[in-house]
Amino acid sequence: MKAYEGANIRNLAVVGHGHAGKTSLVSALLFTAGATQRLGRVDEGTTVTDHDEEEIARAMTFSSGVAYAEWGKTKLNLIDTPGFSMFVHEAKTCMVAAETALVLVDGVAGVEVVTDRVWGFAEELELPRVIVASRMDRERADAARTLDSLTAAFGRAVIPVQLPIGQEKSFTGVVDLVRMKAYTYELGGDGKGKEGEIPANLAEAAKAGHEKLVELIAEGNDALMEEFFDKGTIPEEHLIPGLREAVAQRRIFPVLYASGLGNLGSDRILDFAADFLPAATDRPPVQSAPGANGEPATRKVADSEPLSFYVFKTVSDPFAGRISYLKIFSGVLKNEAAVQNFTKSTSEKLSHISVMQGKTATAVAELHAGDIGAVAKLKETLTGDTLGEKAHPIQYPRVALPEPAITFAIEPKTRADEDKLSAGIHKLMEEDMMVRFFRDPQTKEFLIAGTGQQHIEVICSKLKKRYHTEVILRAPKVPYRETIRGKADVQGRHKKQTGGHGQFGDCKIKMEPLPRGGNFEFVNDIFGGSIPKNFIPAVEKGIVEAAARGHLAGFPVVDFRVILYDGSYHDVDSNELSFKTAGRIAFRKAMDQAKPTLLEPIMHVEITAPEEFAGSIMGDLNSRRGRIQGMDNKASKTIVKAEVPMAEMLTYGVDLTAMTQGRGTFSMEMAHYDIVPAHLQEKIVAAAKAERGEAPAEEE
Ligand SMILES: Nc1nc2c(ncn2[C@@H]2O[C@H](COP(=O)(O)OP(=O)(O)OP(=O)(O)O)[C@@H](O)[C@H]2O)c(=O)[nH]1
Ligand SMILES: [Mg+2]
């Protein structure tokens, strides 16, 4: 494998809505460039980039695949990303490794929900974009309608650089509006077009399309504008660099047409990438995360700079171990290099650096600035880490991802699965930044969080296939608590004096509420030794233990104070156990008197969505017992802040996605506990008791 210099490398992230044809197009490009011996198909599980067994089984992409095509003197690195909204975070984390987003739209459906999302990611990352309308051979594929939906969504900078020849089944090729030539293809052929003259029926449209393109190219460039006014057109030798510049500056988003499945138009896309898309070294200097002074540092993408690279993807293979995908931002990475992981402050040795063709690694001696490669078996390096030459530290920012939208309680199916569960999930978490796994300290449940039900199901399926661990998923328990609203003054007396050794403990306590978050306070107010000092901690212990077991429904009792003010003892029969029992009895009596009530966790929620959804979001929050705390408008987006009971938010991510057609995001964190409204208490108590079979057993 030849080592390519950054100037000859194009890195493209292929992004778009689910099922639009990304993996098929990548497959066609690879085949056309001779990287594969046959045209891989998604439906047969033979593509290069959908290689995970889960992807093959479901014929969809769950995690990004990396491949490369050598085309003339150019190497194209292609990152095929998932398009289903629950997996699209993978697209975002991988887009940082690309200089261009190839936004793929379906020639039938045009712009869809995720097209909008990934367009937003590209905007955030300031990536130039090229649009490919694929699946043009399908029934009802329509170039004009697709273009309309693109300009409606993304503005007039979207402009065709091709015209399709024929439509639906008779889609056979494209007209190149830059060079004004036609290219026709054989269906399912080698992807290389036959060059010819523009068909007569398209001559006029081609001329108009060319002129429109020329005008738009000239618009942002004074020298070209002058030439355009002088001559009424721009010669090809100026037009080509002009288009390249306009694409790099994001003044033009060119549109091409293709069929991935039929391998039509592929060589034009490869040519377009080589001729018009920014080279890896054309990328503006890469900014680091802000340093100590708050200012970011920058690195030029050049071999002459000190080595630095970023891990944009990790695969945990049960056999090959951990594979880290690298984007070289500066310098040259040589095989066997000893480098520093700046994020973790550890050193790593990189043996067997390689380039990936799907799951197949090919060893290389070096990777130049701008290239993408991989290395196996790094010790501590994970996605988002920056590594490089120790003497020149830099840390690139991690990709910001939304919070997981849904949480499940996860349990191993059998004892044998128990030990493997946590190890397996932790391996999968290395691959997927949107999986969280933790234990709720109160309910003691293991929880797994992700972007949606299907996301979690795929994780469980991987657990089973890769790590032979089977699990059960349930809705998570809400960690309710109990407290009191009134005061009590009671006596707790424990006496068993029948036969042999007796038991005697007796205490008088007052109980009163503490403010939220006050937890528990024990005040010893005994004067004159009515209870001997050494038994007082036993009373407290009895109360604490009883409080942990709950009173109404088995939830821990919090935010109360107990004042121990009197009692009595027996010289022989009193012991620690007796006073502990007396404490417990006193606690129960006091709870009965002190107006016990349930507390529920309240979440602080922040929702961002296009303005038009503000009304339905507010209405929905109201129906979830939410309290709106503020509303802000920024750049035609609405940000709503609210406090909402956790019990109402268990599936919020899924509901929000449905409500906003995938255009809303939210974050959520624990705010505080609040009293459960009276009309809901009984239901929660009954459910908690039902779950345990019955009320907690009494001990005495
Ligand atoms: N007729 C026709 N079908 C296509 C074309 N490209 C893809 N398909 C079919 O459309 C379906 C989806 O194609 P994929 O390539 O998996 O789409 P994708 O965008 O990678 O989907 P995700 O990875 O799940 O987001 C498959 O059944 C393909 O065979 C095309 O150009 N023409
Ligand atoms: Mg795919």
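Its first residue numbered 650, the sequence shown is counted upward by one per residue in my numbering.
Cβ atoms here follow ideal geometry from the backbone N, Cα and C, with glycine treated the same way.
Let me check you understand the geometry: is the CB of Pro967 closer than 8 angstroms to at least one non-hydrogen atom of ligand 1?
On the sequence shown, position 318 is the one that residue 967 refers to. For ligand 1, not one heavy atom lies less than 8 angstroms from the Cβ of Pro967.
Tell me which residues share the same chain as Met613 and place their Cβ nearer than 8 angstroms to its Cβ, disregarding the 5 neighbours each side in the sequence.
This structure gives no information on residue 613, because the portion of the chain shown stretches from 650 to 1349.
Any idea what DSSP makes of Glu1318, helix, strand or coil?
The residue labelled residue 1318 in the question sits at position 669 within the sequence shown. Strand at Glu1318.
To the nearest whole angstrom, what separates the beta carbons of Gly1019 and Thr930, a pair I think is in contact under 8 angstroms?
For this step, residue 1019 is matched to residue 370 along the sequence shown. For this step, residue 930 is matched to residue 281 along the sequence shown. Indeed, because the Cβ distance is near 5 angstroms, the residues count as touching under 8 angstroms.
Nearer than 8 angstroms: is that true of the beta carbon of Pro1042 relative to any heavy atom of ligand 1?
One-based indexing of the sequence shown puts residue 1042 at position 393. No, Cβ of Pro1042 sits at least 8 angstroms from all heavy atoms of ligand 1.
As a quick exercise: from Leu1050, Ile1133, Gln898, pick the residue whose alpha carbon is nearest that of Gly1167.
Residue mapping note: residue 1167 aligns to position 518 of the sequence shown, counting from 1. Closest option to Gly1167, Cα to Cα, is Ile1133.
So the candidates are Phe1204, Glu1255, His1253, Lys1283; which of them puts its Cα closest to the Cα of Lys1338?
Counting from 1 along the sequence shown, the entry for residue 1338 is found at position 689. Nearest of Phe1204, Glu1255, His1253, Lys1283 to Lys1338, Cα basis: Phe1204.
Considering only the alpha carbon of each residue, which of Phe902, Leu1248, Met1280 lies closest to Glu775?
Walking along the sequence shown from the start, residue 775 turns up at place 126. The candidate whose alpha carbon is nearest that of Glu775 is Phe902.
DSSP state of Tyr834, grouped into three classes?
To locate residue 834, count along the sequence shown from 1; it is residue 185. Tyr834: coil per DSSP, three-state reduction.
Within 8 angstroms: the Cβ of Thr742 and any heavy atom of ligand 1?
As a position in the sequence shown, residue 742 is number 93, starting the count at 1. Thr742 Cβ: outside cutoff for every heavy atom of ligand 1.
Nearest by alpha-carbon distance to Gly1033: which of Pro1042, Lys1039, Pro1046, Ala1040 is it?
On the sequence shown, position 384 is the one that residue 1033 refers to. Cα-wise, what sits closest to Gly1033 is Pro1046.
Using three-state DSSP, classify Val675 as helix, strand or coil.
For the purposes of this step, residue 675 is taken as residue 26 along the sequence shown, with counting starting at 1. The answer is helix: DSSP assigns Val675 an H, G or I state.
Would you call Lys953 buried or exposed, if buried means 16 or more other Cβ atoms sit within 10 Å of its Cβ?
On the sequence shown, position 304 is the one that residue 953 refers to. Sequence inspection shows Ser at residue 953; the Lys mentioned does not correspond to that position. By the 10 Å Cβ count, Ser953 comes out exposed.
Please classify Val1221 as buried or exposed, where buried requires at least 16 neighbouring CB atoms within 10 angstroms.
One-based indexing of the sequence shown puts residue 1221 at position 572. Burial call: exposed.
Considering only the alpha carbon of each residue, which of Pro955, Gly1007, Gly756, Ala951 lies closest to Tyr974?
For the purposes of this step, residue 974 is taken as residue 325 along the sequence shown, with counting starting at 1. Ranking the options by Cα distance to Tyr974, first place goes to Gly1007.
Our contact map puts Asn912 next to Gly837 with C-beta atoms below 8 angstroms; I'd like the distance itself, whole angstroms only.
Here residue 912 is taken as the residue at index 263 of the sequence shown, counted from 1. Here residue 837 is taken as the residue at index 188 of the sequence shown, counted from 1. Correct: roughly 6 angstroms between the Cβ atoms.
Indicate the three-state DSSP secondary structure (helix, strand or coil) for Pro939 in the structure shown.
For the purposes of this step, residue 939 is taken as the residue at position 290 of the sequence shown. Pro939: coil per DSSP, three-state reduction.
Please classify Val873: is it buried, with 16 or more other beta-carbons within 10 angstroms of its beta-carbon, or exposed?
The residue you call residue 873 lines up with position 224 of the sequence shown. The question names Val, but residue 873 is Leu in the sequence shown. Label assigned to Leu873: buried.
Drop a sphere of 10 angstroms on the beta-carbon of Lys1093, count the other beta-carbons inside from all chains shown, and report buried for 16 or more, exposed for fewer.
Stepping through the sequence shown from its first residue, residue 1093 is reached at position 444. By the neighbour-count rule (16 or more Cβ atoms within 10 Å), Lys1093 is not buried but exposed.
Out of Asp729, Glu886, Met1280, Ile1121, state which residue places its alpha-carbon closest to the alpha-carbon of Leu753.
Translated into positions along the sequence shown, residue 753 becomes position 104. Answer by Cα proximity: Asp729.
What number of angstroms, rounded off, separates the C-alpha of Gln811 from the C-alpha of Lys843?
By 1-based counting over the sequence shown, the position of residue 811 is 162. By 1-based counting over the sequence shown, the position of residue 843 is 194. Cα-Cα distance, rounded: 15 angstroms.
So, under 8 angstroms CB-CB, Val664 and Ala740 are touching, yes? Tell me the CB distance rounded to an integer number of Å.
The count along the sequence shown starts at 1 and reaches residue 664 at position 15. The count along the sequence shown starts at 1 and reaches residue 740 at position 91. Correct: roughly 5 angstroms between the Cβ atoms.
Helix, strand or coil for Met1240, going by three-state DSSP, please let me know.
Indexing the sequence shown from 1 puts residue 1240 at position 591. In this structure, Met1240 counts as helix in the three-state DSSP scheme.
Closer than 8 angstroms: is that where the CB of Asp1281 sits relative to any heavy atom of ligand 2?
Within the sequence shown, numbered from 1, the residue matching residue 1281 stands at position 632. Every heavy atom of ligand 2 is 8 angstroms or more from the Cβ of Asp1281, so no.
State the DSSP-derived secondary structure class of His617, mapped to helix, strand or coil.
Residue 617 is absent from the structure shown; the chain starts at 650 and stops at 1349.
Name the DSSP beta bridge partners of Ile1251, please?
Taking the sequence shown and counting its residues from 1, one reaches residue 1251 at position 602. In the DSSP output, where bridge partners are listed per residue, Ile1251 has Pro1294, His1321.
May I ask you to check if the CB of Leu727 is nearer than 8 angstroms to at least one heavy atom of ligand 1?
For the purposes of this step, residue 727 is taken as residue 78 along the sequence shown, with counting starting at 1. The answer is no for Leu727.
Please say whether Gly940 and Leu956 have beta carbons closer to each other than 9 angstroms?
Start at 1 with the first residue of the sequence shown, and residue 956 comes out as number 307. Start at 1 with the first residue of the sequence shown, and residue 940 comes out as number 291. Cβ atoms of Leu956 and Gly940: not closer than 9 angstroms.
With contact counted as at least three CB pairs below 8 angstroms, one residue from each stretch, are the region 664 to 684 and the region 1020 to 1031 in contact?
No: the two stretches stay apart, fewer than three of their Cβ pairs being nearer than 8 angstroms.
One question on the structure: do Ala746 and Lys1062 come within less than 9 angstroms of each other, judged by their Cβ atoms?
The residue given as residue 746 occupies position 97 in the sequence shown. The residue given as residue 1062 occupies position 413 in the sequence shown. Result no, Cβ atoms of Ala746 and Lys1062 do not sit closer than 9 angstroms.
Once you ignore the five residues that flank Phe1315 on each side, which residues in its own chain have a CB closer than 8 angstroms to its CB?
The residue given as residue 1315 occupies position 666 in the sequence shown. Contacts found: Pro1051, Glu1052, Ala1054, Val1254, Glu1255, Ile1256, Thr1257, Tyr1301, Gly1302, Leu1305.
Can you list, in chain order, the stretches of the beta strand (DSSP E) that have 3 or more residues and sit fully within the region 1099 to 1129?
Listed in chain order, the complete beta strand (DSSP E) runs (minimum 3 residues) inside the region 1099 to 1129 are 1120 to 1123.
So, are the CB atoms of Arg971 and Glu1106 less than 9 angstroms apart?
Locating residue 971 in the sequence shown gives position 322, counting from the first residue. Locating residue 1106 in the sequence shown gives position 457, counting from the first residue. Contact: no.
Fully enclosed by the region 744 to 825, which beta strand (DSSP E) runs are 3 residues long or longer?
Those beta strand (DSSP E) runs which fall completely within the region 744 to 825 and span 3+ residues are 749 to 755, 778 to 783, 807 to 809, 811 to 814, 822 to 825.
Got a sec? Which residues, its chain only, sit under 8 angstroms from Lys818 by beta carbon, not counting five neighbours each side?
The sequence position of residue 818 within the sequence shown is 169, counting from 1. Closer than 8 angstroms at the Cβ level, and outside the excluded window around Lys818, lie Asp786, Glu788.
Arg932 by DSSP, collapsed to three states: which one?
Reading the sequence shown from its first residue, position 283 is the one you call residue 932. It is coil, neither helix nor strand.
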